[in-house]
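*Asks:*
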Amino acid sequence: MPMLFKQKISTRGMTPLSLCCAAGFLFGIGFVAGVYFFPQSPRNEISEVHETNSSSSFINPLLACDQFSSVSNRQLNSIKAGVSKYLSSAQKENNIQMASVYFRDLNNGPWFGIDEKETFIPGSLLKVPFLISLFKLAEQDTAFLKKGILYEGGRADYAQQYPPSVKIEEGKEYTIGELIERMIKYSDNDATLLLSQMISTDQIRASYIELGIDSPEDSNYVITVRTYASFFRILFNATYLNQEMSARALSLLSQSEFKDGLRAGVPKEIVISHKFGERWTNGNEPSQLHDCGIVYYPNHPYLLCVMVRGKSFDQMSTFIKDVSKIVYTEVDKGL
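Per the numbering used here, residue -18 is the first one in the sequence shown, and the count goes up by one each step.
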């Protein structure tokens, strides 16, 4: 029988995004920026050496970094050229207003970015660093994920273009593990709000002090595609969470019910661990749609993140799908 907590969500002044900004970045941007940002250099690339007998097909833990003198960028340049050409065409046709793309080969580290310094409002993308922070607590307390929470009602005051097909129900008890699953698989904002109340303000502040970074305090927090992509590298390399929790996180992300975007651009038999995020507006301001994740191409996994601003969610979703297809097609040629 799980330990039971009664939690009534208060939505006054809170949105899922603002709470995720506080809780989700417990182990976020400062750690990522300090450890994972390597400048690209055609003559002195960083080659990532991975463990080949990992217990999970979702992770490939980083063991060391070795230098190698040269690497062919022909295929990488071909992918970038194809994506750049399509991006320019989509902008000229007013299908999108702005987009950033980040690609990284997870076997040996070569990458490219297109407008990767542009900032976007992440929306539900912040559920991934929140997931990482919750699983870190679960590493420290083996009973954490089994603790029960009674949901007494209250709804997240946040419009969603892609609402979850399954939502938590008032009057029902859920374990923290079940709420995490709903947060990731269905992007359920109510589950996210309930989970957010399980982490104290002191825990959040202490973590930011440890990381030496300022806490994102509002729903207008912005992030770049390259910075965000690093959260997936943290999970793939199992460099912050242990291997079990890293694999568990990526397994959950592979079960996302969002089948548009990156998922729609690769064959159904190819596993992809990803998270989408949206910023919905009903005025003149452009909306935003993002999708980021790991495509497990056989023996050659790669990381792809796309962030988009535009007027139409259908057009933005199609753009992300087409970018995903362009990249997959080039990789399939023999990157």
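Glycine included, each C-beta is placed from N, C-alpha and C at the ideal position.
Please identify the residue among Asn58, Glu120, Arg290 and Asn218 whose C-alpha is closest to the C-alpha of serine 38.
*Replies:* Your numbering for residue 38 matches position 57 in the sequence shown. Looking at the Cα atoms, Asn218 is the closest of the given residues.
*Asks:* Would you call valine 109 buried or exposed, if buried means 16 or more other Cβ atoms sit within 10 Å of its Cβ?
*Replies:* Position 128 of the sequence shown holds residue 109. Under a 10 Å Cβ-count criterion, valine 109 is classified as buried, with 16 or more other Cβ atoms of the shown protein chains found around its own Cβ.
*Asks:* The alpha helix (DSSP H) with alanine 228 in it runs from where to where?
*Replies:* Counted from its first residue, the sequence shown places residue 228 at position 247. Segment 224 to 234, the alpha helix (DSSP H) holding alanine 228.
*Asks:* Arginine 214 and threonine 220: beta carbons closer than 9 angstroms?
*Replies:* Counted from its first residue, the sequence shown places residue 214 at position 233. Counted from its first residue, the sequence shown places residue 220 at position 239. Contact flag set, yes.
*Asks:* Closest by CA to proline 145, which one among Phe239, Ile40 and Leu106?
*Replies:* If you number the sequence shown from 1, residue 145 lands on position 164. Checked all of Phe239, Ile40 and Leu106; the closest Cα to proline 145 is Phe239.
*Asks:* Would you grab the beta carbon distance between histidine 281 and valine 312 for me? Rounded to a whole angstrom, and I think it's under 8 angstroms.
*Replies:* Taking the sequence shown and counting its residues from 1, the one referred to as residue 281 is at position 300. Taking the sequence shown and counting its residues from 1, the one referred to as residue 312 is at position 331. With a Cβ gap of about 7 angstroms, histidine 281 and valine 312 count as contacting.
*Asks:* Pull up the DSSP beta-bridge partners for alanine 80, would you.
*Replies:* Looking up residue 80 in the sequence shown gives position 99. Its beta-bridge partners are Val289.
*Asks:* I need the boundaries of the alpha helix (DSSP H) containing isoleucine 60, first residue and last residue.
*Replies:* To locate residue 60, count along the sequence shown from 1; it is residue 79. 55 to 73 is the extent of the alpha helix (DSSP H) around isoleucine 60.
*Asks:* Based on DSSP bridge pairs, tell me the residues matched to glycine 258.
*Replies:* As a first step, residue 258 is located in the sequence shown; it is residue number 277 there, counting from the start. Beta-bridge pairing links glycine 258 to His271.
*Asks:* Does DSSP classify glutamate 159 as helix, strand or coil?
*Replies:* As a working note, residue 159 is residue 178 in the sequence shown. Of the three classes helix, strand and coil, the one that applies to glutamate 159 here is helix, per DSSP.
*Asks:* Got a sec? Which residues, its chain only, sit under 8 angstroms from glutamate 97 by beta carbon, not counting five neighbours each side?
*Replies:* Here residue 97 refers to the residue found at position 116 of the sequence shown. Closer than 8 angstroms at the Cβ level, and outside the excluded window around glutamate 97, lie Ser81, Val82, Tyr83, Thr205, Val206 and Arg207.
*Asks:* Assuming glycine 291 contacts asparagine 76 under a Cβ cut-off of 8 angstroms, what Cβ separation, rounded to an integer in Å, is found between them?
*Replies:* Locating residue 291 in the sequence shown gives position 310, where the first residue counts as 1. Locating residue 76 in the sequence shown gives position 95, where the first residue counts as 1. Between asparagine 76 and glycine 291 the Cβ distance is about 7 angstroms, and since that is below 8 angstroms, they are a contact.
*Asks:* Taking all protein chains shown into account, do 16 or more other C-beta atoms lie within 10 angstroms of the C-beta of aspartate 122, making it buried, or fewer, making it exposed?
*Replies:* Residue mapping note: residue 122 aligns to position 141 of the sequence shown, counting from 1. Exposed, because fewer than 16 other Cβ atoms sit within 10 Å of the Cβ of aspartate 122.
*Asks:* Give me the Cα-Cα distance between glycine 158 and serine 59, rounded to the nearest whole angstrom.
*Replies:* Reading the sequence shown from its first residue, position 177 is the one you call residue 158. Reading the sequence shown from its first residue, position 78 is the one you call residue 59. Here the alpha carbons of serine 59 and glycine 158 stand approximately 42 angstroms from one another.
*Asks:* For isoleucine 130, report the span of its alpha helix (DSSP H) as first-last.
*Replies:* Reading the sequence shown from its first residue, position 149 is the one you call residue 130. Per DSSP, isoleucine 130 belongs to no alpha helix (DSSP H); it is in the beta strand (DSSP E), 129 to 132.
*Asks:* Which partner residues does leucine 284 have in the DSSP bridge list?
*Replies:* Within the sequence shown, the letter at position 303 stands for residue 284. Looking at the DSSP assignment, leucine 284 forms a beta bridge with Arg85 and Ile275.
*Asks:* State yes or no: is the C-beta of leucine 243 within less than 9 angstroms of the C-beta of glutamine 142?
*Replies:* The count along the sequence shown starts at 1 and reaches residue 243 at position 262. The count along the sequence shown starts at 1 and reaches residue 142 at position 161. No, these two residues do not count as a Cβ contact at 9 angstroms.
*Asks:* How about isoleucine 165 and glutamine 224: do their beta carbons lie closer than 9 angstroms?
*Replies:* Within the sequence shown, the letter at position 184 stands for residue 165. Within the sequence shown, the letter at position 243 stands for residue 224. No.
*Asks:* In the DSSP assignment, find the unbroken beta strand (DSSP E) run with phenylalanine 93 in it and report its ends.
*Replies:* Taking the sequence shown and counting its residues from 1, the one referred to as residue 93 is at position 112. 92 to 95 is the span of the beta strand (DSSP E), which, as asked, contains phenylalanine 93.
*Asks:* I'd like to check one pair, valine 287 with serine 305: are the Cβ atoms closer than 9 angstroms?
*Replies:* By 1-based counting over the sequence shown, the position of residue 305 is 324. By 1-based counting over the sequence shown, the position of residue 287 is 306. Against a cut-off of 9 angstroms, the Cβ pair of valine 287 and serine 305 comes out as a contact.
*Asks:* Quick one: what's got a C-beta closer than 8 angstroms to lysine 61's C-beta in the same chain, skipping five residues either side?
*Replies:* For this step, residue 61 is matched to residue 80 along the sequence shown. Within the same chain, Phe84, Phe93 and Ile95 come within 8 angstroms of lysine 61 by CB-CB distance, once the 5 residues on both sides are set aside.
*Asks:* Thinking valine 64 and valine 308 are a contact (beta carbons under 8 angstroms), I'd like their distance in whole angstroms, please.
*Replies:* Taking the first residue of the sequence shown as 1, we reach residue 64 at position 83. Taking the first residue of the sequence shown as 1, we reach residue 308 at position 327. Confirmed, about 7 angstroms.
*Asks:* Who are the near neighbours of methionine 226 in its chain, counting only those whose CB is closer than 7 angstroms to its CB and skipping five residues on each side?
*Replies:* Along the sequence shown, one-based indexing puts residue 226 at 245. The answer, listed in chain order, is Phe116, Ala119 and Glu120.
*Asks:* So, for threonine 310: in the same chain, excluding its five sequence neighbours on each side, which residues have a beta-carbon less than 7 angstroms away from its beta-carbon?
*Replies:* For this step, residue 310 is matched to residue 329 along the sequence shown. None.
*Asks:* If you drop the 5 nearest sequence neighbours on each side, which residues of the same chain put their C-beta closer than 8 angstroms to that of tyrosine 132?
*Replies:* For this step, residue 132 is matched to residue 151 along the sequence shown. Around tyrosine 132: Gln(-12), Ile(-10), Ile149, Glu150, Glu151, Gly152, Lys153, Glu154, Tyr155, Asp171 and Leu175.
*Asks:* How would you write the range of the alpha helix (DSSP H) that glutamine 121 sits in, first residue to last?
*Replies:* Position 140 of the sequence shown, counted from the start, is the residue given in the question as residue 121. 108 to 121 is the span of the alpha helix (DSSP H), which, as asked, contains glutamine 121.
*Asks:* Could you give the distance in angstroms between the alpha-carbon of glutamate 124 and the alpha-carbon of glycine 315?
*Replies:* Numbered from its first residue, the sequence shown carries residue 124 at position 143. Numbered from its first residue, the sequence shown carries residue 315 at position 334. In the sequence as displayed, the identity of residue 124 is alanine instead of glutamate. Taking the straight line joining both Cα atoms gives about 45 angstroms.
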